[in-house]
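These notes are about the structure you will find just below.
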Amino acid sequence: MSFENKTIVITGGAQGIGESCTRIFHRDHGQVVILDVDEAAGEELSRKLGDRALFIKCNVARESEVKNAMQQAVATFGSLDVLVNNAGILRYSTVTETTEEEWDLVMDVNLKGSFLCAKHAIPYMMEKGSGAVINMSSAQAFLVQEQVAAYCTTKTALIGLTRSIAVDYAPQVRSVAICPGTVDTPLNRKAFAMSPDPEAVLQECKDMHVLKRIAGADEIGELVAFVAGEKAPFITGQVIRIDGGLGIKAEGSKKN
Numbered sequence: 266m267s268f269e270n271k272t273i274v275i276t277g278g279a280q281g282i283g284e285s286c287t288r289i290f291h292r293d294h295g296q297v298v299i300l301d302v303d304e305a306a307g308e309e310l311s312r313k314l315g316d317r318a319l320f321i322k323c324n325v326a327r328e329s330e331v332k333n334a335m336q337q338a339v340a341t342f343g344s345l346d347v348l349v350n351n352a353g354i355l356r357y358s359t360v361t362e363t364t365e366e367e368w369d370l371v372m373d374v375n376l377k378g379s380f381l382c383a384k385h386a387i388p389y390m391m392e393k394g395s396g397a398v399i400n401m402s403s404a405q406a407f408l409v410q411e412q413v414a415a416y417c418t419t420k421t422a423l424i425g426l427t428r429s430i431a432v433d434y435a436p437q438v439r440s441v442a443i444c445p446g447t448v449d450t451p452l453n454r455k456a457f458a459m460s461p462d463p464e465a466v467l468q469e470c471k472d473m474h475v476l477k478r479i480a481g482a483d484e485i486g487e488l489v490a491f492v493a494g495e496k497a498p499f500i501t502g503q504v505i506r507i508d509g510g511l512g513i514k515a516e517g518s519k520k521n
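The sequence shown lines up with residues 266 to 521 when you count with our numbering.
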């Protein structure tokens, strides 16, 4: 699969799933544009990749920065073919404990950021006559752990955004939501570290999945690249779970 002469914008593209997406698209000959607030990580990744890689510091919750980033991507590489809305944050809290500031922050990055990036990327795709928007949702759009009220709300809403894009901009632009289970990322490692026994929490996460492990970030990145590419032209408006069988097993006593 080749993305030669195709420009792929990845938000949160400097680490975790975003970094894997960036590396995989670049490996497959794409021109990658890394959007991230972590300037050091973004610059380092762009430097390591070399040709066909561009880092732009961008807070996806700020429309002016998003608009300028999309303009810069097209000015540099000549087109905008794929948008991967991957940037996201997590705050642990219930509805009654979540502050307005925390709620707004999670909404701004996870949901508003995806909306703004799509808003300013899709016109370039429509002008060219083709494109794909991949939104990084989560298995938590379907199965919710405790104390993630704001996070799971955004990930559920991204499914609606995906379907709206697929309907409103067809047939030129496709849109797909990817819903990972637990993934080995810096964000999750940080979450595990908040526990008195991080290894026990990690093992618990593994045991929740039928495959008895968590995903590597590259496993998610490979699916994103496939869905965005020329081998999946009939997939749009869909929700694809890549969750190791999380939530499909009913618990209870075994029959002899």
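The beta carbon of each residue, even a glycine, is placed where N, CA and C say it ideally should be.
Pick from the options: whose alpha carbon is nearest that of residue i?
i	options	result
Gly277	Ala326, Met391, Val438	Ala326
Asn333	Val298, Thr364, Gly315	Val298
Val371	Leu511, Thr419, Asp508	Thr419
Asn324	Tyr357, His294, Tyr416, Asn375	Asn375
Ser403	Gly509, Lys271, Arg439	Gly509
Lys377	Asp316, Ile505, Ala422	Ala422
Phe268	Glu284, Gly295, Ile275	Gly295
Val432	Pro463, Ala397, Cys444	Ala397
Excluding sequence positions up to five away, which residues of its chain have a Cβ less than 7 angstroms from the Cβ of residue i?
i	result
Phe380	Leu426
Cys470	Thr447, Ile479
Which residues share a DSSP beta bridge with residue i?
i	result
Val441	Ile399, Gln503
Ala480	Val448
Thr419	DSSP output for Thr419 lists no bridge partner at all.
Val374	DSSP output for Val374 lists no bridge partner at all.
Val274	Val298, Leu348
Taking Cβ to Cβ, would you say residue i is nearer than 9 angstroms to residue j?
i	j	result
Ile306	Gln337	For the record, residue 306 in the displayed sequence is Ala; it is not Ile. The answer is no: Cβ separation not under 9 angstroms.
Leu511	Leu355	no
Ile289	Ala490	yes
Asn400	Ile424	yes
Val347	Lys384	no
Val460	Val413	Sequence check: residue 460 is Ser here, not Val. No, the Cβ-Cβ distance between Ser460 and Val413 is not below 9 angstroms.
Leu581	Cys382	For the chain, the structure presents residues 266 to 521; residue 581 sits outside this window and is missing.
Ile430	Ile387	yes
Cys283	Asn351	It is worth fixing the name first, because residue 283 is Gly in this sequence and not Cys. Yes, the Cβ-Cβ distance between Gly283 and Asn351 is below 9 angstroms.
Can you list, in chain order, the residues of its chain with a C-beta nearer than 6 angstroms to that of residue i? Leave out the 5 residues immediately preceding and following it.
i	result
Thr287	Ile275, Gly278, Val297, Ile299
Gly494	Met266
Leaving out the 5 sequence neighbours to the left and right, which residues in its chain are closer than 8 angstroms to residue i when beta-carbon positions are compared?
i	result
Ile507	Ile443, Cys444, Pro445, Gly446, Ala480, Glu484, Ile485, Leu488
Enumerate, from N- to C-terminal direction, the unbroken beta strand (DSSP E) stretches of 3 or more residues contained entirely within the stretch 278 to 365. 296 to 301, 318 to 322, 347 to 350
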